[in-house]
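Protein sequences appear in the order of chains A and B.
One gets my numbering by counting positions in the first sequence from 1 and adding 78 to each.
One gets my numbering by counting positions in the second sequence from 1 and adding 1 to each.
From the three backbone atoms N, C-alpha and C, an ideal C-beta is built for every residue, glycine too.
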Amino acid sequence: MSGDWRIPLVLLAVCVLAAAVAYGAPHVLSDYFVRIILLIALNSILVLSLSLSNGFTGVFSLGHVGFIGAGAYVSGILSIPVQQKMALLPHLPSFLHWFSLPFLPATVVAGLFTAILAVIVGYPLMRLSGYFVSVATMGFLIIVNVVLINASDFTRGARTFTGVPLETTLPWVFAWLGVTLFVLARLVYSPFGRSMKAVRDDTIAASAVGIGVLRARLIAFVIGAFFSGVGGSLYAHYLGSFSPNTFYFAMMINLIAMLVLGGMESLTGALVGVVCVSILSELLRSVERGFTFAGITVPALFGASQIVLGFVFILIMIFRPKGIMGDRELTFGLAARSARARKRREEQNA
Amino acid sequence: MAGEATTLQVEAATSPLILRTRGLTKAFRGLVALKDHAIELREREIMGVIGPNGSGKSTFFNLITGFSKPNAGQIEFRGRSIIGLRTERIVSLGIARTFQGSRLFPSLTVEDNVLAAAQLRHPVGPLDSVLRTARYRTRVDKAEAIAERLLDLMGLTAQAGRLASQLPYGDQRRLEIARALATEPALLLLDEPAAGLDSNETTALVELIRKIRDLFGVTVVVVEHDMDLIMAVCERIQVLATGEVICVGTPEQVRNDPRVREAYLGHA
Ligand SMILES: Nc1ncnc2c1ncn2[C@@H]1O[C@H](COP(=O)(O)OP(=O)(O)OP(=O)(O)O)[C@@H](O)[C@H]1O
Ligand SMILES: [Mg+2]
Numbered sequence: 079m080s081g082d083w084r085i086p087l088v089l090l091a092v093c094v095l096a097a098a099v100a101y102g103a104p105h106v107l108s109d110y111f112v113r114i115i116l117l118i119a120l121n122s123i124l125v126l127s128l129s130l131s132n133g134f135t136g137v138f139s140l141g142h143v144g145f146i147g148a149g150a151y152v153s154g155i156l157s158i159p160v161q162q163k164m165a166l167l168p169h170l171p172s173f174l175h176w177f178s179l180p181f182l183p184a185t186v187v188a189g190l191f192t193a194i195l196a197v198i199v200g201y202p203l204m205r206l207s208g209y210f211v212s213v214a215t216m217g218f219l220i221i222v223n224v225v226l227i228n229a230s231d232f233t234r235g236a237r238t239f240t241g242v243p244l245e246t247t248l249p250w251v252f253a254w255l256g257v258t259l260f261v262l263a264r265l266v267y268s269p270f271g272r273s274m275k276a277v278r279d280d281t282i283a284a285s286a287v288g289i290g291v292l293r294a295r296l297i298a299f300v301i302g303a304f305f306s307g308v309g310g311s312l313y314a315h316y317l318g319s320f321s322p323n324t325f326y327f328a329m330m331i332n333l334i335a336m337l338v339l340g341g342m343e344s345l346t347g348a349l350v351g352v353v354c355v356s357i358l359s360e361l362l363r364s365v366e367r368g369f370t371f372a373g374i375t376v377p378a379l380f381g382a383s384q385i386v387l388g389f390v391f392i393l394i395m396i397f398r399p400k401g402i403m404g405d406r407e408l409t410f411g412l413a414a415r416s417a418r419a420r421k422r423r424e425e426q427n428a
Numbered sequence: 002m003a004g005e006a007t008t009l010q011v012e013a014a015t016s017p018l019i020l021r022t023r024g025l026t027k028a029f030r031g032l033v034a035l036k037d038h039a040i041e042l043r044e045r046e047i048m049g050v051i052g053p054n055g056s057g058k059s060t061f062f063n064l065i066t067g068f069s070k071p072n073a074g075q076i077e078f079r080g081r082s083i084i085g086l087r088t089e090r091i092v093s094l095g096i097a098r099t100f101q102g103s104r105l106f107p108s109l110t111v112e113d114n115v116l117a118a119a120q121l122r123h124p125v126g127p128l129d130s131v132l133r134t135a136r137y138r139t140r141v142d143k144a145e146a147i148a149e150r151l152l153d154l155m156g157l158t159a160q161a162g163r164l165a166s167q168l169p170y171g172d173q174r175r176l177e178i179a180r181a182l183a184t185e186p187a188l189l190l191l192d193e194p195a196a197g198l199d200s201n202e203t204t205a206l207v208e209l210i211r212k213i214r215d216l217f218g219v220t221v222v223v224v225e226h227d228m229d230l231i232m233a234v235c236e237r238i239q240v241l242a243t244g245e246v247i248c249v250g251t252p253e254q255v256r257n258d259p260r261v262r263e264a265y266l267g268h269a
């Protein structure tokens, strides 16, 4: 694929811009805005990790938050400083007391842990289709929550898990978002991605052309779970302290809403969904505190933001049922067509 | 024309067996859809399977391709039993099919529909895809070359970039055949390929099926209600009625067989 010569330039420009924002924003913007940028990037990783199974493979999982939670706790347990571990988690198996991992390895281990978990969970569950797999994966989320609450030697149970070093900075999140986008883009737009979409469209036709339905689903599920685990680790190191219910239904609904609104058959759609929902809910949140504009005072209307957000969701689903982006990617005219498609078009024009 | 058919027949009778079923039986909760079925297919022959609605033709295809498991009987493909194998495995051994009423990947383009099948013989795993290895490039190129050739053969090149779901019905049927061929089969099973086609398209389909056999050397089994197509293209025909084989022979023999008339009239 000779491709478009502008693409490397644009990618370079995007990287430079991202680096500038990552390192410059904290000096220029208030903490509030830095936090919003960071959460948008972090949620993008999570929503992208969801899109692989839910959007591209047609396995609508409601369980990914279980992987996020597992990743957060695994990374947290691994990275609490050794001096504090004894005090915070006295009943931890002793080999875990002896060491603590830096941020990067702890994050990678969290991702690998959730990937292995996804193999075990996915092997039976990926045989299911439609809402059966949704309900079953939701069952997995509930099990993870119960395990986190009851494995108190590891997790402090329902009490707050604390002591995780606050290391999730903009550069880290942007770097992981870059890795996630890179890996997913190459997967989705490859023969393997084509198999995933074939499985999504019609499992019977897919097996009739030799595609292993279970294999394709399992791989999508496991790779998604890896990035969910990574995102969970980033979350843990962003919050510092959290509890099992941090990673439960509220987060699941939030992520699913972002995914579905943005368009779950598109990677940039997932990003658009995260950005739109995040910005909209922040705007509405500041409006609902009440404000005065041109002499008119609007009183505080707490809860109004949720109602408006709910209406926006309903409207988008009515007018764009496949999400804002549907299955198209935002490419700004770049790489919109493969080299082959361009050639074909030129031949037709000639 | 008649002479040509006879020579092919003689040739076919001497060429090796590709598929053999014996005692093949399938029941759905008491309803026997296929009973004690037996067939012998030779390399490069074009065989028709006909019968009234519900006589077990699609069931026969579903059993061979592993979509459903027989209650009894044997299926041998090139001398080895394929009973119990998963569909993907059977396809990779060399059996491809189309579906009654067509089953494309609607959200994929025409070209991607064929590529999804062509990549069976030129596989790239997820790791190759992420790393874009040298192997990735060569295999993708090979699959693309196959897809290009098949789309050309089917006259679908101009439609390559359109969504499969946006194609006119006749084109969809040809696309499904192209997709099946992209798996590089030795045995091609076509389930009612002429359904919904007009008479011009049906005539073209007769030529196309012959051309496919000659170009790719495949054995073709055609299940069809359109008797003109069956009589024109098939060298041998098997007739099913309520799950049982009632007659096998040349188009001429089948046309004149009283049991066949009875089966059709009895159900009419
Ligand atoms: N999955 C199934 N469950 C229950 N019954 C089935 C199933 N598949 C087929 N049958 C029944 O088995 C019988 C044979 O069906 P089959 O589809 O093989 O017929 P056919 O010869 O292909 O008919 P047609 O010409 O209408 O396509 C029918 O009575 C049908 O209702
Ligand atoms: Mg049928």
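- Report all residues from its chain with a CB closer than 6 Å to the CB of Gly244 (chain B); omit the five preceding and five following residues, and keep chain order. Position 243 of the second sequence, counted from the first residue, corresponds to residue 244 (chain B). Around Gly244 (chain B): Val33, Ala34, Leu35, Lys36 and Gly57.
Tell me the start and end of each unbroken beta strand (DSSP E) in the segment 11–56 of chain B that is at least 3 residues and wholly inside, in chain order. 18–29, 32–43 and 47–51
Measuring alpha carbon to alpha carbon, tell me which residue in A:Ser359, A:Ile297 and A:Met336 is nearest Gly200 (chain A). As a working mapping, residue 200 (chain A) is identified with position 122 in the first sequence. In terms of CA proximity to Gly200 (chain A), A:Ile297 leads the group A:Ser359, A:Ile297 and A:Met336.
Checklist entry - Would you report the Cα separation of Gly310 (chain A) and Ser103 (chain B), rounded to the nearest angstrom? => result As a working mapping, residue 310 (chain A) is identified with position 232 in the first sequence. As a working mapping, residue 103 (chain B) is identified with position 102 in the second sequence. Gly310 (chain A) and Ser103 (chain B): Cα-Cα distance of roughly 43 Å.
Residue closest to Gly241 (chain A), alpha-carbon to alpha-carbon, out of A:Ile85, A:Lys163, A:Val137 and A:Thr375
By one-based count along the first sequence, residue 241 (chain A) stands at place 163. Of the candidates A:Ile85, A:Lys163, A:Val137 and A:Thr375, the one whose C-alpha sits nearest the C-alpha of Gly241 (chain A) is A:Lys163.
- Compare the C-beta of Phe217 (chain B) with all C-beta atoms of chain A and state if any pair is closer than 8 Å. Against the second sequence, residue 217 (chain B) aligns to sequence position 216. Chain A, which has no Cβ nearer than 8 Å to the Cβ of Phe217 (chain B), makes this no.
Residues that DSSP places opposite Ile374 (chain A) in a beta bridge
Residue mapping note: residue 374 (chain A) aligns to position 296 of the first sequence, counting from 1. BP columns for Ile374 (chain A) point to A:Phe371.
Query raised in the report: Between Ile357 (chain A) and Ile213 (chain B), what straight-line distance do the alpha-carbon atoms span, to the nearest angstrom?
Result: As a first step, residue 357 (chain A) is located in the first sequence; it is residue number 279 there, counting from the start. As a first step, residue 213 (chain B) is located in the second sequence; it is residue number 212 there, counting from the start. Their Cα atoms are separated by approximately 57 Å.
Below 8 Å on C-beta distance, what does Ala118 (chain B) contact in chain A?
What you label residue 118 (chain B) is simply residue 117 of the second sequence in a count that begins at 1. Under the 8 Å cutoff, chain A gives Val287 and Gly288.
- Query: Quick one: which chain A residues come within Cβ less than 7 Å of Glu89 (chain B)?
  - Reply: Taking the second sequence and counting its residues from 1, one reaches residue 89 (chain B) at position 88. Going along chain A in sequence order, the residues near Glu89 (chain B) (Cβ under 7 Å) are Ser285, Gly288, Ile289 and Gly290.
Check your understanding: Along chain B, in chain order, which residues have C-beta atoms closer than 8 Å to that of Ile282 (chain A)?
Key -> Position 204 of the first sequence, counted from the first residue, corresponds to residue 282 (chain A). Phe68, Phe100 and Arg104, listed in chain order.
* Who are the neighbours of Thr134 (chain B) on chain A, taking C-beta pairs under 9 Å? -> Within the second sequence, the letter at position 133 stands for residue 134 (chain B). The CB of Thr134 (chain B) never comes closer than 9 Å to any CB in chain A; the least such distance is about 11 Å.
Query raised in the report: Are the C-beta of Ser207 (chain A) and some C-beta of chain B separated by less than 8 Å?
Result: Numbered from its first residue, the first sequence carries residue 207 (chain A) at position 129. Chain B contact via Cβ: absent.
Exercise. Any chance the segment 91–102 of chain A sits against the segment 291–306 of chain A, with 3 or more Cβ pairs inside 8 Å?
Worked result: Pairwise C-beta distances place the segment 91–102 of chain A out of contact with the segment 291–306 of chain A, as fewer than three of them are shorter than 8 Å.
- Report yes if the CB atom of Val240 (chain B) is closer than 8 Å to the CB atom of Ile210 (chain B), and no otherwise. Residue mapping note: residue 240 (chain B) aligns to position 239 of the second sequence, counting from 1. Residue mapping note: residue 210 (chain B) aligns to position 209 of the second sequence, counting from 1. For Val240 (chain B) and Ile210 (chain B), no; Cβs fall outside 8 Å.
Practice prompt. Tell me whether Gln101 (chain B) counts as near ligand 2, meaning its Cβ is closer than 7 Å to at least one heavy atom of that ligand.
Written response: Position 100 of the second sequence, counted from the start, is the residue given in the question as residue 101 (chain B). It does: the Cβ of Gln101 (chain B) is within 7 Å (strictly closer) of some heavy atom of ligand 2.
Would the segment 149–167 of chain B and the segment 109–117 of chain B be scored as touching if the rule is three or more Cβ pairs under 8 Å? Contact holds: three or more Cβ-Cβ distances are below 8 Å.
Proximal residues, the segment 172–184 of chain B versus chain A, C-beta separation under 9 Å: Glu177, Arg180, Ala181, Ala183 and Thr184
request  = Measure the C-alpha to C-alpha separation of Val187 (chain A) and Ser153 (chain A) and round it to an integer number of angstroms.
outcome  = Counting from 1 along the first sequence, the entry for residue 187 (chain A) is found at position 109. Counting from 1 along the first sequence, the entry for residue 153 (chain A) is found at position 75. Roughly 7 Å separates the two Cα atoms.
Gly404 (chain A) beta carbon less than 8 Å from that of Ser306 (chain A):
Reading the first sequence from its first residue, position 228 is the one you call residue 306 (chain A). Reading the first sequence from its first residue, position 326 is the one you call residue 404 (chain A). Not a contact, by the Cβ cut-off of 8 Å.
* Asked: Do you know whose CA, among A:Met336, A:Leu167 and A:Gly288, lies nearest His123 (chain B)'s CA?
  -> Here the question's residue 123 (chain B) lines up with position 122 in the second sequence. Checking every option, the nearest Cα to that of His123 (chain B) belongs to A:Gly288.
Checklist entry - Taking the alpha carbon of Tyr316 (chain A) as the point to measure from, which residue in A:Ala103, A:Leu89 and A:Ile118 has its own alpha carbon closest? => result The residue given as residue 316 (chain A) occupies position 238 in the first sequence. Closest by alpha carbon: A:Ile118.
- Just the C-alpha distance for Leu120 (chain A) and Thr66 (chain B), rounded to the nearest angstrom, thanks. The residue labelled residue 120 (chain A) in the question sits at position 42 within the first sequence. The residue labelled residue 66 (chain B) in the question sits at position 65 within the second sequence. Those two C-alpha atoms are separated by around 46 Å.
query = Which class does Gln160 (chain B) belong to by DSSP, given the choice of helix, strand or coil?
reply = Taking the second sequence and counting its residues from 1, one reaches residue 160 (chain B) at position 159. In the structure shown, Gln160 (chain B) sits in a helix (DSSP, three-state: H, G or I).
key: Members of the segment 252–286 of chain A near chain B, C-beta cut-off 7 Å   = Considering only beta carbons, the part of the segment 252–286 of chain A lying closer than 7 Å to chain B consists of Val261, Arg264, Leu265, Ser268, Pro269, Phe270, Arg272, Ser273, Lys275, Ala276, Asp279, Asp280, Ile282, Ala283, Ser285 and Ala286, in chain order.
In chain order, each alpha helix (DSSP H) run of at least 4 residues that lies wholly inside the segment 223–293 of chain A:
230–233, 248–266, 269–279 and 281–286
Worksheet item: How big is the Cα-Cα spacing for Leu408 (chain A) and Thr346 (chain A)?
Response: What you label residue 408 (chain A) is simply residue 330 of the first sequence in a count that begins at 1. What you label residue 346 (chain A) is simply residue 268 of the first sequence in a count that begins at 1. Spanning the two alpha carbons is a distance of roughly 6 Å.
If we ignore side chains and look at the alpha-carbon of each, how far apart do Thr139 (chain B) and Leu121 (chain B) end up? Your numbering for residue 139 (chain B) matches position 138 in the second sequence. Your numbering for residue 121 (chain B) matches position 120 in the second sequence. Near 14 Å, if we compare the C-alpha coordinates of Leu121 (chain B) and Thr139 (chain B).
task = Consider the Cβ of Ala144 (chain B): report whether some Cβ of chain A lies at a distance smaller than 8 Å.
result = By one-based count along the second sequence, residue 144 (chain B) stands at place 143. By this cut-off, Ala144 (chain B) is an interface position.
For this session: Leaving aside the five residues before and after Val125 (chain A) along the sequence, list all residues of the same chain whose C-beta is less than 6 Å from its C-beta, in chain order.
Result: For the purposes of this step, residue 125 (chain A) is taken as residue 47 along the first sequence, with counting starting at 1. Cβ neighbours of Val125 (chain A) beyond the five flanking positions: Leu333, Met336, Leu337, Ala348 and Val352.
Next on the checklist: Are there any heavy atoms of ligand 1 lying less than 7 Å away from the beta-carbon of Ala34 (chain B), as far as the coordinates show?
Outcome noted: Your numbering for residue 34 (chain B) matches position 33 in the second sequence. Ala34 (chain B) Cβ: within cutoff of ligand 1.
Quick one: what's got a C-beta closer than 8 Å to Phe100 (chain B)'s C-beta in the same chain, skipping five residues either side?
-> Numbered from its first residue, the second sequence carries residue 100 (chain B) at position 99. Hits under 8 Å: Glu177 and Asp192.
CB Ile131 (chain B) to CB Val261 (chain A), shorter than 8 Å? Counted from its first residue, the second sequence places residue 131 (chain B) at position 130. Counted from its first residue, the first sequence places residue 261 (chain A) at position 183. Looking at the sequence provided, one finds Val at residue 131 (chain B) rather than Ile. Cβ distance < 8 Å, so Val131 (chain B) and Val261 (chain A) count as in contact.
**Message:** Only counting the same chain, and skipping five residues up and downstream in sequence, which positions put a Cβ closer than 6 Å to that of Leu206 (chain A)?
**Reply:** On the first sequence, residue 206 (chain A) is found 128 positions in, with the first residue counted as 1. Correct list, in chain order: Ala214.
Please report the distance separating the alpha-carbon of Glu24 (chain B) from that of Ile147 (chain B).
Translated into the one-based positions of the second sequence, residue 24 (chain B) becomes position 23. Translated into the one-based positions of the second sequence, residue 147 (chain B) becomes position 146. Residue identity differs from the one stated: residue 24 (chain B) is Gly in this sequence, not Glu. So the two alpha carbons sit approximately 38 Å from each other.
Self-check item: Sub-8 Å separation of Leu128 (chain A) and His105 (chain A) beta-carbons
Solution: Position 50 of the first sequence, counting from 1, holds the residue named residue 128 (chain A). Position 27 of the first sequence, counting from 1, holds the residue named residue 105 (chain A). No. Outside cutoff.
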